[in-house]
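Asks: If you read the sequence shown in the working numbering, its first letter stands for residue 2, the second for the next number, and so on.
Every residue, glycine too, gets a C-beta built ideally from N, C-alpha and C.
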Amino acid sequence: MPITFKQTEHSYSQLPQLLFARVQPTPVTQPELLAVNDTLAETLHITRNEITSPDGVAVFAGNTIPDGAEPIALAYAGHQFGHLVPQLGDGRAILLGEIIGRDGKRYDVQLKGAGRTPYSRRGDGRAALGPVLREYLVSEAMAALGVPTTRSLCAVATGEQVYREIPSPGAVLTRVALSHLRVGTFEYVALRRDLDTLERLTNYALARLYPDRSTNGSAALTLLEAVTEAQAELVAHWMALGFVHGVMNTDNMAISGETIDYGPCAFLDTYSPERTFSSIDVNGRYAFINQPNCAQWNLTRLAEALFPLVVKEGHDEAEATVLLNDCLKAFYPQYTAAYQMRLRCKLGLTLETADDAALAQDLLTLMANNKVDYTLCFRRLVDVGEGADASVITGLFADPEAIGEWLRRWDHRSQQEPRAHAARAALMRGANPAFIPRNHRIEEVIAAALQGDMAPFARLHAVLARPYEDQLDARDLALPPGEEQWDHRTFCGT
Ligand code: AMP
Ligand code: MG
Numbered sequence: 002m003p004i005t006f007k008q009t010e011h012s013y014s015q016l017p018q019l020l021f022a023r024v025q026p027t028p029v030t031q032p033e034l035l036a037v038n039d040t041l042a043e044t045l046h047i048t049r050n051e052i053t054s055p056d057g058v059a060v061f062a063g064n065t066i067p068d069g070a071e072p073i074a075l076a077y078a079g080h081q082f083g084h085l086v087p088q089l090g091d092g093r094a095i096l097l098g099e100i101i102g103r104d105g106k107r108y109d110v111q112l113k114g115a116g117r118t119p120y121s122r123r124g125d126g127r128a129a130l131g132p133v134l135r136e137y138l139v140s141e142a143m144a145a146l147g148v149p150t151t152r153s154l155c156a157v158a159t160g161e162q163v164y165r166e167i168p169s170p171g172a173v174l175t176r177v178a179l180s181h182l183r184v185g186t187f188e189y190v191a192l193r194r195d196l197d198t199l200e201r202l203t204n205y206a207l208a209r210l211y212p213d214r215s216t217n218g219s220a221a222l223t224l225l226e227a228v229t230e231a232q233a234e235l236v237a238h239w240m241a242l243g244f245v246h247g248v249m250n251t252d253n254m255a256i257s258g259e260t261i262d263y264g265p266c267a268f269l270d271t272y273s274p275e276r277t278f279s280s281i282d283v284n285g286r287y288a289f290i291n292q293p294n295c296a297q298w299n300l301t302r303l304a305e306a307l308f309p310l311v312v313k314e315g316h317d318e319a320e321a322t323v324l325l326n327d328c329l330k331a332f333y334p335q336y337t338a339a340y341q342m343r344l345r346c347k348l349g350l351t352l353e354t355a356d357d358a359a360l361a362q363d364l365l366t367l368m369a370n371n372k373v374d375y376t377l378c379f380r381r382l383v384d385v386g387e388g389a390d391a392s393v394i395t396g397l398f399a400d401p402e403a404i405g406e407w408l409r410r411w412d413h414r415s416q417q418e419p420r421a422h423a424a425r426a427a428l429m430r431g432a433n434p435a436f437i438p439r440n441h442r443i444e445e446v447i448a449a450a451l452q453g454d455m456a457p458f459a460r461l462h463a464v465l466a467r468p469y470e471d472q473l474d475a476r477d478l479a480l481p482p483g484e485e486q487w488d489h490r491t492f493c494g495t
């Protein structure tokens, strides 16, 4: 039975033709289903049986177009590692349509790796199995951790080879997002000086993603304000979890505030602020600690793109500059407040006192100096908060004296808390995951999948679905890499 997408709409392709191209996925020879996300499927009115059926697999491989879909590739520009590329676009991604989910939200459903488009430049339009499984696992883990993110609906192997550094099996990932609008979409239109399209795009983004914000007479400023807030929250969440995105180019920053484009991303193991994972990030532009800066840099590019619209809305150029700058200036205070709030939760602190930021920073500095695993250390702190012996933490540090002293400071500060001990322990449990998608585990899972064994993928995926729960039979997945597993670099994801 051919499958049908229900409640499907195509609001994006009502926008001017400049913004997209109609395309068809390129069929593959031997599609085979690798993974399905049952709960997400249900939200999208699709059943597991539909996806696993041969007709379903054909749809998510790009071999047939389901009823209700109207495939397009989106156009965008972008600053990549600081350099403007005026013409990017979905070179290997094809949007099938927007499904209004059971929760009433509108979701883009996109095939990633489904063949060439007019925006492919020299690329093959394909994705390799490893990066597809990596994106599937990490995006689903991020969702379970509570971070806004694109989701993964399913992954299908193509039965064909793709050629990267070495030949690899190909795969198609079905990615689901609140929208695939990026900062680069706005740059694309602004570069072409098409003010009408810029205005329509801005109104579209606001209506779709921030419908509750009143526009105060300026759609452009309202959008910049909303995206700034969303990105401040998002990056604070990343920083609290130790997540490194790896390629924060403007084409990889979503207007929705979702984490998007999982390429060379990774979670920190030992806390090391300057850490990068991408093999192409030779100057450390997208190092862990630089992420708030990069977010603000990208927002500044969005502000520049919106500038002519603010002028069109009736401000002179000097005024427009001041107004846009005021929005951008809000980023750091918002980011800092959100980040500090998350750090306090990690420490089980509900009150806000003047010394909290220093208390948290001193712990981070000790972790950096002692090369301590970020996630494990905070999780052990939960145990100590619940009465475990301090040695579970001090044992992680080469210098137990210094951390011992820090623990006494923390204990002293905790005594000022009004909330019951149990409530604070619960707060800490919910802020300090036991399980993150550790790079060495992802690599193991991919290696097994390349041998045709999806069982390790399934196990890791299931454990990561409940990251804040102690799962005693999965202790191995909570541990940091051993010496021999350390220093994995991830590749560019392409
Ligand atoms: P990314 O680094 O994945 O964000 O991709 C940057 C740009 O390159 C986007 O416009 C992608 O669509 C495009 N791209 C990446 N990989 C490929 C590929 N294999 N074939 C065609 N285009 C690609
Ligand atoms: Mg991208």
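Identify which residue in Pro-293, Ala-178, Met-143 and Ala-172 has its Cα closest to the Cα of Phe-268.
Replies: The shortest C-alpha separation from Phe-268 is found at Met-143.
Asks: Whole angstroms is fine: what's the gap from Ser-180's alpha carbon to Asp-390's?
Replies: Rounded to whole angstroms, Ser-180 to Asp-390 spans 47 Å at the Cα level.
Asks: DSSP has Ile-101 in a bridge; who is on the other side?
Replies: Ile-101 pairs with Arg-107.
Asks: For the putative contact between Thr-118 and Ala-22, defined by C-beta atoms under 8 Å, what is the C-beta separation to the nearest angstrom?
Replies: Confirmed, Cβ separation roughly 6 Å.
Asks: Can you tell which of Met-455, Thr-203 and Leu-45 has its C-alpha closest to the C-alpha of Lys-7?
Replies: It is Leu-45 whose Cα lies nearest to the Cα of Lys-7.
Asks: Jot down the residue ranges of each uninterrupted alpha helix (DSSP H) in the segment 35-102, minimum 4 residues, whole runs only, in chain order.
Replies: 39-44, 49-53 and 55-62, all fully within the segment 35-102.
Asks: I want to check one thing, is the minimum distance from the CB of Glu-248 to the heavy atoms of the ligand AMP below 7 Å?
Replies: Per the sequence shown, residue 248 should be read as Val rather than Glu. For the ligand AMP, at least one heavy atom lies less than 7 Å from the Cβ of Val-248.
Asks: At 4 residues or longer, and completely inside the segment 321-347: list those alpha helix (DSSP H) runs for me, N to C.
Replies: Listed in chain order, they are 332-347.
Asks: Please tell me whether Ala-128 and Gly-79 are closer than 8 Å, where the distance is taken between their beta carbons.
Replies: The answer is no: Cβ separation not under 8 Å.
Asks: CB-CB under 6 Å to Gln-499, same chain, minus the five flanking residues each way: which ones, in chain order?
Replies: The structure shown has nothing for residue 499, since the chain only spans 2 to 495.
Asks: Is Ala-94 near the ligand AMP, judged by its Cβ being under 7 Å from some heavy atom?
Replies: At least one heavy atom of the ligand AMP is nearer than 7 Å to the Cβ of Ala-94, so yes.
Asks: Which partner residues of Gly-170 appear in the DSSP bridge assignment?
Replies: Sequence check: residue 170 is Pro here, not Gly. Answer is Gln-162.
Asks: Going by Cα to Cα distance, which pick from Ala-42, Val-37 and Pro-274 is closest to Ala-241?
Replies: Comparing Cα-Cα distances from Ala-241 to each of Ala-42, Val-37 and Pro-274, the minimum goes to Pro-274.
Asks: My output table needs one value for Ser-415: the three-state DSSP class, helix, strand or coil.
Replies: Correct three-state label for Ser-415: helix.
Asks: Does the distance from the C-beta atom of Asn-433 to that of Val-373 stay below 8 Å?
Replies: Taking 8 Å as the Cβ cut-off, Asn-433 and Val-373 do not qualify as a contacting pair.
Asks: Out of Val-110, Met-368 and Val-312, state which residue places its alpha-carbon closest to the alpha-carbon of Ile-73.
Replies: When only C-alpha atoms are compared, the closest one is Val-110.
Asks: Assuming Cys-266 contacts Val-139 under a Cβ cut-off of 8 Å, what Cβ separation, rounded to an integer in Å, is found between them?
Replies: Cys-266 to Val-139, Cβ: 6 Å. Contact.
Asks: With three or more C-beta pairs closer than 8 Å as the rule, is the segment 405-414 touching the segment 303-311?
Replies: Touching, no.
Asks: In this structure, how does DSSP classify Arg-135 when only helix, strand and coil are distinguished?
Replies: If DSSP states are grouped into helix, strand and coil, Arg-135 belongs with the helices.
Asks: Between which residues of its own chain and Cys-295 is the CB-CB distance below 8 Å, once the five residues before and five after are set aside?
Replies: Here the set comprises Met-249, Arg-286 and Tyr-287.
Asks: With respect to 7 Å, is the separation between the Cβ of Arg-122 and the closest non-hydrogen atom of the ligand AMP below this value?
Replies: Checking every heavy atom of the ligand AMP against the Cβ of Arg-122, one is found closer than 7 Å.
Asks: Residue range of the alpha helix (DSSP H) that Phe-458 falls in?
Replies: Here the alpha helix (DSSP H) through Phe-458 covers 456-465.
Asks: DSSP on Arg-286, reduced to helix/strand/coil?
Replies: Coil at Arg-286, not helix or strand.
Asks: Taking contact to mean at least 3 C-beta pairs separated by less than 8 Å, is the segment 455-468 in contact with the segment 434-441?
Replies: Yes: the two stretches touch, three or more of their Cβ pairs being nearer than 8 Å.
Asks: Is Asp-125 close to the ligand MG? I mean its beta-carbon at under 7 Å from any heavy atom of the ligand.
Replies: Every heavy atom of the ligand MG is 7 Å or more from the Cβ of Asp-125, so no.
Asks: Could you pull the start and end residues of the alpha helix (DSSP H) that Ala-22 belongs to?
Replies: Segment 21-23 is the beta strand (DSSP E) holding Ala-22; no alpha helix (DSSP H) there.
Asks: Using the DSSP secondary-structure output, state which residues sit across from Ser-153 in a beta bridge.
Replies: Partner(s): Arg-176.
Asks: Would you kindly report the start and end of the unbroken alpha helix (DSSP H) that includes Met-368?
Replies: Start and end: 357-370.
Asks: Can you look up Thr-9 in the DSSP assignment and give me helix, strand or coil?
Replies: Strand at Thr-9.
Asks: Rounded to a whole number of angstroms, what is the C-alpha to C-alpha distance between Leu-97 and Ala-479?
Replies: Near 37 Å, if we compare the C-alpha coordinates of Ala-479 and Leu-97.
Asks: In terms of alpha-carbon separation, which member of Gly-386, Leu-329 and Leu-367 lies closest to Gln-403?
Replies: Here the sequence assigns Ala to residue 403, which means Gln is not the residue at that position. Checked all of Gly-386, Leu-329 and Leu-367; the closest Cα to Ala-403 is Leu-367.
Asks: When the Cα atoms are used, what is the spatial distance from Pro-212 to Lys-330?
Replies: When rounded, the distance between both Cα atoms is 23 Å.
Asks: Assuming contact is defined by CB atoms lying nearer than 8 Å, are Tyr-189 and Tyr-77 in contact in what I supplied?
Replies: Yes, Cβ-Cβ distance for Tyr-189 and Tyr-77 is below 8 Å.
Asks: Given this structure, state the Cα-to-Cα distance separating Leu-174 from Asp-400, to the nearest angstrom.
Replies: Their backbone Cα atoms lie some 45 Å apart in a straight line.
Asks: In its own chain, which residues sit with a C-beta less than 6 Å from the C-beta of Ser-257, not counting the 5 before and 5 after it?
Replies: Leu-179, Ser-180 and Leu-210, listed in sequence order.
Asks: Quickly, what does DSSP pair Glu-33 with across the bridge? List them, please.
Replies: DSSP, once it has assigned bridges, lists Ala-158 as partnering Glu-33.
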